[in-house]
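A short write-up of the structure that comes next.
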Amino acid sequence: MTRVALVALANAKGSPGTTTAALVLALQWPRPVLLVEADLAGSSILAGYFRGQLPHDRGLQPLAIAHSHGDLEAAFWEQTIPLVRNDPDKKLLPGIVSPHTAPAVANLWGPLANQLVALERGGIDVLVDLGRLGTGGVVREDREPIVRLADQVLITTGSRLPDIAVTRELVKSRTSVIDAAARDLTNLTALTVGPGRPYDANEIARTLGLGTVGALAWDPVNAEVLSVGSPAGRRYSTSPLVRSAAPVISRLQDRTEKRRARFSTGPREMGRGSGPRRPPEFSGGDAPAAARTTHGTGPWQGDGRGEA
Numbered sequence: 001m002t003r004v005a006l007v008a009l010a011n012a013k014g015s016p017g018t019t020t021a022a023l024v025l026a027l028q029w030p031r032p033v034l035l036v037e038a039d040l041a042g043s044s045i046l047a048g049y050f051r052g053q054l055p056h057d058r059g060l061q062p063l064a065i066a067h068s069h070g071d072l073e074a075a076f077w078e079q080t081i082p083l084v085r086n087d088p089d090k091k092l093l094p095g096i097v098s099p100h101t102a103p104a105v106a107n108l109w110g111p112l113a114n115q116l117v118a119l120e121r122g123g124i125d126v127l128v129d130l131g132r133l134g135t136g137g138v139v140r141e142d143r144e145p146i147v148r149l150a151d152q153v154l155i156t157t158g159s160r161l162p163d164i165a166v167t168r169e170l171v172k173s174r175t176s177v178i179d180a181a182a183r184d185l186t187n188l189t190a191l192t193v194g195p196g197r198p199y200d201a202n203e204i205a206r207t208l209g210l211g212t213v214g215a216l217a218w219d220p221v222n223a224e225v226l227s228v229g230s231p232a233g234r235r236y237s238t239s240p241l242v243r244s245a246a247p248v249i250s251r252l253q254d255r256t257e258k259r260r261a262r263f264s265t266g267p268r269e270m271g272r273g274s275g276p277r278r279p280p281e282f283s284g285g286d287a288p289a290a291a292r293t294t295h296g297t298g299p300w301q302g303d304g305r306g307e308a
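Under UniProt numbering, think of the first position of the sequence shown as 1, with each following residue one higher.
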């Protein structure tokens with residue numbers, strides 16, 4: 001499997017499902033993975049997926065304080081929590097409490113991006129939920145270092161015309177200053193949430209002028225297991241949503257490998273620092289997806305989310 005160091009997910013105004021997409025991909029990811037909540041609208045995973053049962057006392061805000069004291073690397077893993085009980089290979093770095101606290105982490109994004117890239121050397125992949133993405137032009141986007149360093153930036157969109165229209169404007173604003181030759185090397189990639197309503201993933205990608213990693217199924221009932229913490233039914237693990245994740249991951253890995261080959265780059269070297277040390281509980285190594293997928297009622301045993 002390709003060393004996919006850093007994958008970001010983002011959307012335009014009104015586009016659905018980015019956090020749910022990030023969660024289902026993280027839960028089905030075949031290697032050790034860290035999910036980072038970087039949505040400036042505030043964290044939704046603690047209140048949704050975890051049903052509000054965990055205190056919001058870890059995450060980006062305490063990490064920003066640690067960074068201000070020069071302790072970013074040392075404090076990094078202390079600010080994460082398990083995504084799944086009894087699975088140390090899936091962790092979450094919770095986001096900010098609300099949009100009002102976004103200025104408190106404004107100076108964190110650049111150093112954080114470097115730390116996330118450095119995790120590659122420890123064999124840990126990173127998914128970053130950016131939520132709504134700025135245009136990269138007139139509108140200031142403090143999280144630009146993450147966008148720039150990501151191997152792939154998945155632009156999520158629904159398959160209805162209003163979703164596609166706002167997504168197309170976002171893509172145009174971010175690619176208008178790129179010349180035609182460089183466009184082939186862009187890390188922007190389309191991910192459709194709910195294809196066939198009425199447009200499919202390939203039609204949407206052509207409209208956006210991007211490549212695509214395919215689509216996640218429109219499956220509202222099972223999506224609520226992730227978005228609002230609904231109980232997982234007996235068939236959750238074979239639901240359309242969960243089954244659609246593996247092909248997306250496979251295409252994502254393939255696109256990353258091809259893009260890196262065109263750049264003729266291997267694992268990236270950081271200029272300063274070694275990055276946060278790999279926590280001992282991470283098992284490491286590649287494994288078939290099936291070997292890392294828990295069974296029972298859902299992606300956790302006994303419907304128990306991770307414990308802090």
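Note that the Cβ used here is the ideal one computed from N, Cα and C, for glycine as well.
Model, not experiment: these values are computed from the prediction.
Can you tell me where the alpha helix (DSSP H) with Ile-164 in it begins and where it stops?
-> Numbered from 1 along the sequence shown, position 164 holds the residue referred to as residue 164. Its alpha helix (DSSP H) spans residues 161–175.
Cβ atoms of Leu-93 and Arg-72: under 8 angstroms apart, would you say?
-> The count along the sequence shown starts at 1 and reaches residue 72 at position 72. The count along the sequence shown starts at 1 and reaches residue 93 at position 93. One detail in the question is off: residue 72 reads as Leu in this sequence, not Arg. Going by C-beta atoms, Leu-72 is not nearer than 8 angstroms to Leu-93.
Quick one, which of Ser-173, Asp-254, Val-126 has its alpha-carbon nearest Arg-23's?
-> Numbered from 1 along the sequence shown, position 23 holds the residue referred to as residue 23. Here residue 23 is Leu; the residue named in the question, Arg, does not match the sequence. The option with the nearest alpha carbon to Leu-23 is Val-126.
Neighbourhood of Ala-38 by C-beta, 7 angstroms cutoff - its chain only, sequence neighbours within 5 removed | Here residue 38 refers to the residue found at position 38 of the sequence shown. So the qualifying residues of the chain are Gly-95, Val-128, Asp-129, Leu-130, Arg-143, Ile-146.
Whole-angstrom distance between Thr-157 and Leu-216, CA atom to CA atom = As a position in the sequence shown, residue 216 is number 216, starting the count at 1. As a position in the sequence shown, residue 157 is number 157, starting the count at 1. Roughly 10 angstroms between the two C-alpha positions.
Could you spell out the range, first to last residue, of the beta strand (DSSP E) harbouring Val-36?
-> Working through the sequence shown from its first residue, we reach residue 36 at position 36. Taken as a continuous stretch (DSSP letters only), the beta strand (DSSP E) holding Val-36 covers 33–37.
By Cβ distance below 7 angstroms, which residues in the same chain neighbour Val-228 in space, the five residues on each side in sequence not counted?
-> Here residue 228 refers to the residue found at position 228 of the sequence shown. For Val-228, where only same-chain residues beyond five positions count, the Cβ hits under 7 angstroms are Gly-48.
Straight-line Cα distance separating Ser-237 from Arg-243 = Position 243 of the sequence shown, counted from the start, is the residue given in the question as residue 243. Position 237 of the sequence shown, counted from the start, is the residue given in the question as residue 237. In a straight line, the C-alpha of Arg-243 is about 8 angstroms away from that of Ser-237.
Ends of the beta strand (DSSP E) at Leu-127?
-> Here residue 127 refers to the residue found at position 127 of the sequence shown. That run of the beta strand (DSSP E) goes 125–132.
Can you check DSSP and say which residues form a bridge with Leu-154?
-> Translated into positions along the sequence shown, residue 154 becomes position 154. Paired residues: Leu-9, Thr-189.
Which whole-angstrom value describes the C-beta separation of Leu-27 and Lys-91, a residue pair presumed to lie in contact below a C-beta threshold of 8 angstroms?
-> Counting from one through the sequence shown, the residue named residue 27 turns up at place 27. Counting from one through the sequence shown, the residue named residue 91 turns up at place 91. So it is not a contact: roughly 12 angstroms between Cβ atoms.
Considering only the beta carbon of each residue, do Ile-204 and Ile-164 sit closer than 8 angstroms?
-> In the sequence shown, the residue the question calls residue 204 occupies position 204. In the sequence shown, the residue the question calls residue 164 occupies position 164. Result yes, Cβ atoms of Ile-204 and Ile-164 sit closer than 8 angstroms.
With a cut-off of 8 angstroms on the beta carbons, I'd call Leu-40 and Ala-102 a contact; round off their distance for me.
-> Here residue 40 refers to the residue found at position 40 of the sequence shown. Here residue 102 refers to the residue found at position 102 of the sequence shown. That belief holds up - the Cβ atoms of Leu-40 and Ala-102 are roughly 5 angstroms apart, short of 8 angstroms.
Could you work out which residue in Trp-109, Val-193, Arg-85 is closest to Leu-63 when comparing CA atoms only?
-> Counting from 1 along the sequence shown, the entry for residue 63 is found at position 63. The shortest C-alpha separation from Leu-63 is found at Trp-109.
Run through DSSP, which three-state label would Thr-18 get?
-> Within the sequence shown, residue 18 is the residue found at index 18, counting from 1. Correct three-state label for Thr-18: helix.
Would you mind stating whether Arg-234 and Thr-207 have Cβ atoms separated by less than 8 angstroms?
-> Within the sequence shown, the letter at position 234 stands for residue 234. Within the sequence shown, the letter at position 207 stands for residue 207. Not in contact: Arg-234 and Thr-207 (Cβ atoms no closer than 8 angstroms).
Apart from the five residues on each side of it in sequence, which residues of its chain come closer than 7 angstroms, Cβ to Cβ, to Val-171?
-> In the sequence shown, the residue the question calls residue 171 occupies position 171. Answer for Val-171: Ile-155, Leu-188, Leu-208, Gly-209, Leu-210, listed in chain order.
Does DSSP put Gly-42 in a helix, in a strand, or in coil?
-> What you label residue 42 is simply residue 42 of the sequence shown in a count that begins at 1. In the structure shown, Gly-42 sits in coil (DSSP, three-state: anything other than H, G, I, E or B).
Report buried or exposed for Val-221, applying the criterion of at least 16 other Cβ atoms within 10 angstroms of its Cβ.
-> Numbered from 1 along the sequence shown, position 221 holds the residue referred to as residue 221. Looking at its Cβ environment, which holds fewer than 16 other Cβ atoms inside 10 Å, Val-221 is exposed.
Going by beta carbon distance, what residues of the same chain come within less than 8 angstroms of Met-270, once the five residues before and after it are set aside?
-> Locating residue 270 in the sequence shown gives position 270, where the first residue counts as 1. Unreliable positioning characterises Met-270 in this predicted model, as indicated by a pLDDT of 47, which lies under 50. The coordinate reading is nonetheless provided below. Within the same chain, Met-270 has close Cβ partners Asn-114, Val-117, Ala-118.
Is Gly-214 buried or exposed, if buried means 16 or more other CB atoms sit within 10 Å of its CB?
-> In the sequence shown, residue 214 corresponds to position 214, counting from 1. Its Cβ being crowded by 16 or more others within 10 Å, Gly-214 is buried.
If you run the structure through DSSP and keep just helix, strand and coil, what is Val-228?
-> For the purposes of this step, residue 228 is identified with residue 228 of the sequence shown, where counting begins at 1. Reduced to three states, the DSSP call for Val-228 is coil.
Are residue 346 and Asp-151 closer than 8 angstroms when you measure CB to CB?
-> One cannot answer for residue 346 here, as it falls past the ends of the chain, which runs 1 to 308.
Would you please state the rounded distance, in angstroms, between the beta carbons of Thr-80 and Leu-34? I believe it to be under 8 angstroms.
-> Here residue 80 is taken as the residue at index 80 of the sequence shown, counted from 1. Here residue 34 is taken as the residue at index 34 of the sequence shown, counted from 1. With 8 angstroms as the limit, Thr-80 and Leu-34 qualify as a contact, their Cβ atoms being about 7 angstroms apart.
Limits of the unbroken alpha helix (DSSP H) element including Asp-254 = To locate residue 254, count along the sequence shown from 1; it is residue 254. Counting along the chain, the alpha helix (DSSP H) containing Asp-254 begins and ends at 240–263.
If you draw a straight line from the alpha carbon of Ser-68 to that of Pro-111, how long is it in whole angstroms?
-> Residue 68 sits at position 68 when you count from the first residue of the sequence shown. Residue 111 sits at position 111 when you count from the first residue of the sequence shown. Answer to the nearest angstrom: the Cα atoms are 11 angstroms apart.
Per DSSP, which residues does Gly-48 bridge with? Please list them.
-> Locating residue 48 in the sequence shown gives position 48, where the first residue counts as 1. The partner list for Gly-48 (beta bridge, DSSP) is empty, contrary to what the question assumes.
What three-state label does DSSP hand Val-105 in the structure shown?
-> On the sequence shown, residue 105 is found 105 positions in, with the first residue counted as 1. Three-state result, Val-105: helix.
Nearest to Gly-17 (by Cα), restricted to the options Arg-132, Thr-175, Ser-176, Arg-85 | For the purposes of this step, residue 17 is identified with residue 17 of the sequence shown, where counting begins at 1. Gly-17 has its Cα closest to that of Arg-132, out of Arg-132, Thr-175, Ser-176, Arg-85.
Could you check what DSSP says for Ala-118 in three-state terms: helix, strand or coil?
-> Residue 118 sits at position 118 when you count from the first residue of the sequence shown. Here Ala-118 sits in helix by DSSP.
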